[in-house]
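Visitor:
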Amino acid sequence: MIENQESNIVEIAIYGRGGQGAITASSLLCEIAFEEGYKDVLDIPMIGAERRGAPVQAYAKLSKLYEIKNFCSVTNQQYSLIFDHTLLKLKNIVSTFRGIIIINAPKRINLESLNQFKEVWIVDATNISIKHNLLIAGFPILNTLMLGAFARVSNQFSLESLKKVLYERFGKTNGERNYIASKEAYDSVKRI
-3 MIENQESNIV EIAIYGRGGQ GAITASSLLC EIAFEEGYKD VLDIPMIGAE RRGAPVQAYA
57 KLSKLYEIKN FCSVTNQQYS LIFDHTLLKL KNIVSTFRGI IIINAPKRIN LESLNQFKEV
117 WIVDATNISI KHNLLIAGFP ILNTLMLGAF ARVSNQFSLE SLKKVLYERF GKTNGERNYI
177 ASKEAYDSVK RI
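Under this note's numbering, the residue at position 166 of the sequence shown is numbered 162, and the numbers go up by one with no gaps.
1. Please list the terminal residues of the continuous alpha helix (DSSP H) segment that includes V90.
2. Is the region 101 to 120 in contact with the region 160 to 171, if contact means three or more CB pairs nearer than 8 Å?
3. Using DSSP with H/G/I as helix, E/B as strand and the rest coil, what is I8?
4. Opposite V116 in the DSSP bridges: which residues?
5. Can you tell me the Cβ-Cβ gap for Y55 and F146, rounded? I've got them flagged as a contact below 8 Å.
6. Sort R173, A177, L143 and Y182 by Cα distance to I78 and report the nearest one.
7. When the distance is taken between beta carbons, is I64 closer than 8 Å to P41?
8. Counting only the same chain and skipping the five closest in sequence on each side, list residues whose C-beta sits under 6 Å from that of G171.
9. So E231 packs on F153, CB below 8 Å; how close in whole Å?
10. Hey, how far is the Cα of Y175 from the Cα of S150?
11. Quick one: residues in its chain with C-beta nearer than 7 Å to the C-beta of V90, no 5 flanking neighbours on either side, listed in chain order?
12. Based on the DSSP secondary-structure assignment, which residues constitute the bridge partners of L38?
13. Going by DSSP in three states, A21 sits in which element: helix, strand or coil?
14. Considering only residues of the same chain and omitting the five flanking positions on each side of G95, which have a CB-CB separation below 7 Å?
15. Which class does V161 belong to by DSSP, given the choice of helix, strand or coil?
16. Do you know how far the Cα of W117 is from the Cα of N192?
17. DSSP beta-bridge partners for Y75?
18. In three-state DSSP terms, what is I(-2)?
19. Tell me, please, which residues DSSP counts as bridged to P102.
20. Please name the residue in I43, H128, S125 and K114 whose C-alpha comes closest to that of G14.
21. DSSP beta-bridge partners for I132?
Written as structure tokens, this is what we have:
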């Protein structure tokens, strides 16, 4: 029996706005997966002339067993991480969502546009970021918090791997702040 190597690859799409940390989240996710023991990872940032506040996308592919040989963009992801609930108003972006949806939004929000998905999870990463003073130029940085929520929903990596990468990437002080906030996002993400 020939095994389909592509079916063993976990694909994640990340949607956000410039300055929220969506591009960095994809890179961190690959580092965390590699730390967790994945054989191969691929970070695919979609970087253009976007400025702070403009919609951005990034993708990650994770493989526990095989080298990733398909370097094309992700089109049928198992997980979609949405850093900004206002993106739900943009039908051309919502139409690309696939799989399990994890969205940063306040607890009271109209999620009617997501009814077609089998699983939708919500976390208020913005308020957690503000609470822990994870801000740049006054804007909340959401990358590590959304990865904390993703860890809980997907079970793709442990909090220990997340913590180790955060300490390596951001140093002890900022790594600890990011880890504490990520843990809060992990604990507070809810399926709706």
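Built from N, CA and C at the ideal position, the CB exists for glycine as well.
Guide: Looking at the coordinates:
1. K87 to V90
2. no
3. strand
4. I97
5. That belief does not hold up - the Cβ atoms of Y55 and F146 are roughly 14 Å apart, past 8 Å.
6. L143
7. no
8. L162 and Y163
9. Residue 231 is absent from the structure shown; the chain starts at -3 and stops at 188.
10. 18 Å
11. L84 and S109
12. K57
13. helix
14. Q73, Q74, Y75 and S76
15. helix
16. What is shown of the chain runs -3 to 188, which leaves residue 192 out entirely.
17. I8 and I96
18. Because I(-2) carries a pLDDT of 40, less than 50, the predicted location of this residue cannot be relied on, and no value is offered for it.
19. In DSSP, P102 forms no bridge with anything.
20. I43
21. F135
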